[in-house]
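To start, the structure under review is shown below, and the notes come after it.
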Amino acid sequence: MARSFESELPQARILVLDFGSQYTQLIARRVREAGVYSAIYPFDVSLDAIFQFQPSGVILSGGPATVTEKFTARVAPEVLKMGVPVLGICYGMQTMVAQLGGKVENALVHEYGHTPIQLIGNCELFANATQKHGGHDASAMDVWMSHGDRVIELPDGFERLAESAASPYAAVGDAKRQLYGLQFHPEVTHTVGGTNILQGFLRDICHCSTNWQTDSIIESQIDIIRETVGQDRVILALSGGVDSSVCAALIYRAIGDQLTSIFVDTGLLRLHEAKSVQQSMSNEFGMDINVVDAQDRFFDALEGVADPESKRKIIGRTFIDIFQEEAQKLSGVKWLAQGTIYPDVIESAGTSTEKAKVIKSHHNVGGLPETMQLELLEPLRELFKDEVREVGRELGLSPEIVNRHPFPGPGLGVRILGEVKKEYAGMLRLADAIFLEELVRNDLYYEASQAFAVFLPIKSVGVVGDNRAYDYVISLRAVQTQDFMTARCMRIPFEVLEAIATRIANEVPGISRVVYDVSSKPPATIEWE
Ligand code: XMP
């Protein structure tokens, strides 16, 4: 059998079955941080896939539904009889309890946020959590709850392991069958000692060895890439973002010049982007990059188009056309490398019942067409973003690349509202660079998850020297977020904002007014278009 990433996985593996909780990815990340490989599958994945994965333990995530309704999600009964430990969290615990004969009701008092619980008995699940975090009373814990339903009756064989004021069964377990349930969320940092509870589950209950590390990933990936690709050529669309850069560096380490990286200058990039990507990847790394200057082609294609969705589609299509043309100039290319990472894989899998609404059609340089008839090489598809960053650091990529904020595929195209013009892109690029430079100078860059400037094609009256100005407006946006699904605006000190506004108005011809966007997501999105 050919080696694949799956065949290289460590023996200890935890399967997280996803019932739609906003915290599911966090559970899998916490497990990996504890040194155990984990994967997320939708709750209704086939039994074959579950058995094939050979989990050392299963975690059932929380979810938005209620088990008090008949047709909501359930775990396959076989999972509870597989003979491997199962930990149900929130909805995961409720469905496990209800399916095994216990009772769940819609509680009169809902618990959201910090909640004190009292442990009962000495379950090994809590052994480390209470020793380190118990304070004076070793059986008291402060946990994070987020639920409306509660368990009111246990199935046979289960014991109560903890209670809170509103939840008589805040934690439950059946030591014989190795089934455990937590009404609260151990994966969020607000649960003091939560990580220790998960570690207790992994080490003491599932008996997992804890040797999952990014350096072992690099070595095995390099071997797999070499074996998979042989003497063939590989192409990759390099965007300068973290994922495609780490992907390129890893593949280059494995097969050297058999890799051709193509960087398309769309004219919608940040200041000096093309140059700095080239510098860091080719000068520091020795990697050759084909830089294609396609600025005019993008501006021509976007002329007269104001609708955000149409702009996104045009940018995506133009990109693909150019990439295909470049690929055709090379001979013997068999593989297309993409910086797909694990959250992309999870998001595109979804559950068989899910119907997602398209808010924005994302253009990723990764999303290249099947018509190219190339085989896909995706060495990062098992990794979370922080693991990708770790791999990048270990490969020797510069901190500027590894730690930079995300930048959307359509680039400044979705940060110039309405019609995109070269002249607007020029002003925006300068304003954006000043904003980021000042954040770095004030040690605020890494406090923001993403920060950028937006060009508003409206004119306002100003006064410059003794003259009347009638110029465009720049909006600054900086957000803090864990997962980019929800975000809040960053509270940048006012003096810093004021200094940035002054610099932009003084240094960017055509701009006389700067505003700060204080919206959260939702209702706003992070990008303006
Ligand atoms: P929104 O605006 O949807 O953005 O709140 C969430 C995150 O996604 C990024 N984004 C994109 N990334 N291609 C990408 O690769 C896209 O088309 C795209 N649109 C938005 C955005 O910058 C933020 O980090």
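Taking our numbering, the leading residue of the sequence shown gets 1, the next gets one more, and so forth.
Don't be surprised by glycine CBs; every beta carbon is placed ideally from N, CA and C.
Judging by CA-CA distance, which residue of the options is the nearest neighbour of residue i?
| i | options | result |
| --- | --- | --- |
| Ala-254 | Ser-310, Ser-276, Leu-377 and Asn-196 | Leu-377 |
| Val-518 | Ile-504, Tyr-37, Val-151 and Ile-492 | Ile-492 |
| Tyr-112 | Gln-328, Gln-183, Val-58 and Lys-334 | Gln-183 |
| Leu-161 | Gly-173, Asp-344 and Val-151 | Gly-173 |
| Glu-325 | Val-420, Met-372, Gln-295 and Ala-301 | Met-372 |
| Ala-157 | Gly-148, Gly-102, Ser-167 and His-185 | Per the sequence shown, residue 157 should be read as Gly rather than Ala. Residue Gly-102 is the option with its Cα nearest to Gly-157. |
| Asp-257 | Val-264, Pro-308, Ala-248 and Phe-263 | Ala-248 |
| Leu-238 | Ser-21, Asp-288 and Gln-199 | Asp-288 |
| Val-391 | Ala-487, Asp-18 and Ile-218 | Ile-218 |
| Asp-149 | Ile-89, Ala-129, Ala-501 and Gly-193 | Ile-89 |
| Arg-29 | Ser-398, Tyr-342, Glu-423 and Phe-494 | Tyr-342 |
| Asp-533 | Ala-76, Glu-394, Thr-66 and Glu-69 | Since the first residue of the chain shown is 1 and the last is 529, residue 533 is not available in this structure. |
| Pro-406 | Glu-527, Ala-499, Gly-339 and Gly-241 | Gly-241 |
| Pro-522 | Ala-487, Tyr-516, Ile-504 and Glu-495 | Ala-487 |
| His-207 | Ile-14, Met-93 and Ala-431 | Ile-14 |
| Leu-428 | Gln-52, Ile-511 and Val-16 | Ile-511 |
| Asp-443 | Val-496, Met-485, Leu-456 and Cys-489 | Val-496 |
| Gln-482 | Phe-384, Arg-415 and Glu-284 | Phe-384 |
| Ile-320 | Ala-524, Ala-294 and Asn-283 | Ala-294 |
| Gln-22 | Gln-221, Ile-40 and Leu-119 | Ile-40 |
| Asp-539 | Pro-155, Ala-171, Ile-504 and Ser-310 | Outside the displayed range of the chain (1 to 529) lies residue 539, so it cannot be described from this structure. |
| Gly-409 | Cys-489, Glu-447 and Glu-529 | Glu-529 |
| Pro-55 | Lys-313, Tyr-37, Pro-64 and Ala-129 | Tyr-37 |
| Ile-59 | Ala-499, Gln-199, Phe-435 and Ile-401 | Gln-199 |
| Val-84 | Lys-176, Val-104, Phe-71 and Gly-35 | Lys-176 |
Could you give the DSSP three-state label for residue i: helix, strand or coil?
| i | result |
| --- | --- |
| Asn-128 | helix |
| Met-372 | helix |
| Asp-288 | coil |
| Asp-386 | helix |
| Pro-42 | strand |
| Ser-239 | coil |
| Arg-513 | strand |
| Lys-275 | helix |
| Leu-336 | strand |
| Leu-377 | strand |
| Val-518 | coil |
| Ile-434 | helix |
| Val-97 | helix |
| Ile-474 | strand |
| Asn-283 | helix |
| Gln-54 | coil |
| Ala-425 | helix |
| Lys-355 | With a pLDDT of 42 at Lys-355, under the threshold of 50, the predicted position of this residue should be treated as unreliable, though the coordinate-derived value follows. Lys-355: coil per DSSP, three-state reduction. |
| Pro-343 | helix |
| Asn-506 | helix |
| Gly-413 | helix |
| Ile-526 | coil |
| Gly-396 | coil |
| Leu-80 | helix |
| Arg-203 | helix |
| Glu-187 | coil |
| Gly-134 | Residue confidence is low: Gly-134 scores 48 on pLDDT, short of 50, so the model does not pin down where it sits. Its coordinate-derived value is still stated next. Note: Gly-134 maps to coil in three-state DSSP. |
Residue i bridges to which residues according to DSSP?
| i | result |
| --- | --- |
| Gln-558 | Nothing can be reported for residue 558: it is not among the residues displayed for the chain, which extend from 1 to 529. |
| Asn-467 | Val-464 |
| Glu-153 | Lys-103 |
| Gln-480 | Arg-488 |
| Glu-111 | His-147 |
| Ile-59 | Val-16 and Leu-87 |
| Tyr-37 | Arg-13 |
| Arg-233 | Val-333 |
| Val-305 | According to DSSP, which records beta bridges pairwise, Val-305 is partnered with nothing at all. |
Which residues mark the beginning and the end of the beta strand (DSSP E) in which residue i is found?
| i | result |
| --- | --- |
| Gln-450 | 450-464 |
| Ile-320 | From DSSP, Ile-320 is part of no beta strand (DSSP E) but of the alpha helix (DSSP H) over 308-329. |
| Pro-493 | Element bounds for Pro-493: n/a, residue is neither H nor E. |
| Leu-421 | Note that residue 421 is Lys in the sequence shown, not Leu. No beta strand (DSSP E) contains Lys-421, which DSSP labels as neither H nor E. |
| Val-264 | 259-265 |
| Asp-18 | 13-18 |
| Val-172 | 171-174 |
| Val-86 | 86-89 |
| Leu-182 | 179-182 |
Between which two residues does the alpha helix (DSSP H) harbouring residue i extend?
| i | result |
| --- | --- |
| Ser-244 | 242-255 |
| Leu-26 | 24-33 |
| Arg-297 | 295-302 |
| Leu-587 | The shown model of the chain, from 1 to 529, leaves out residue 587, and the question about it has no answer. |
| Thr-228 | 214-229 |
| Pro-399 | 399-402 |
Would you say residue i lies against chain B (beta-carbon separation less than 8 Å)?
| i | result |
| --- | --- |
| Ile-251 | Considering every chain present, this structure includes no chain B. It has just one protein chain. |
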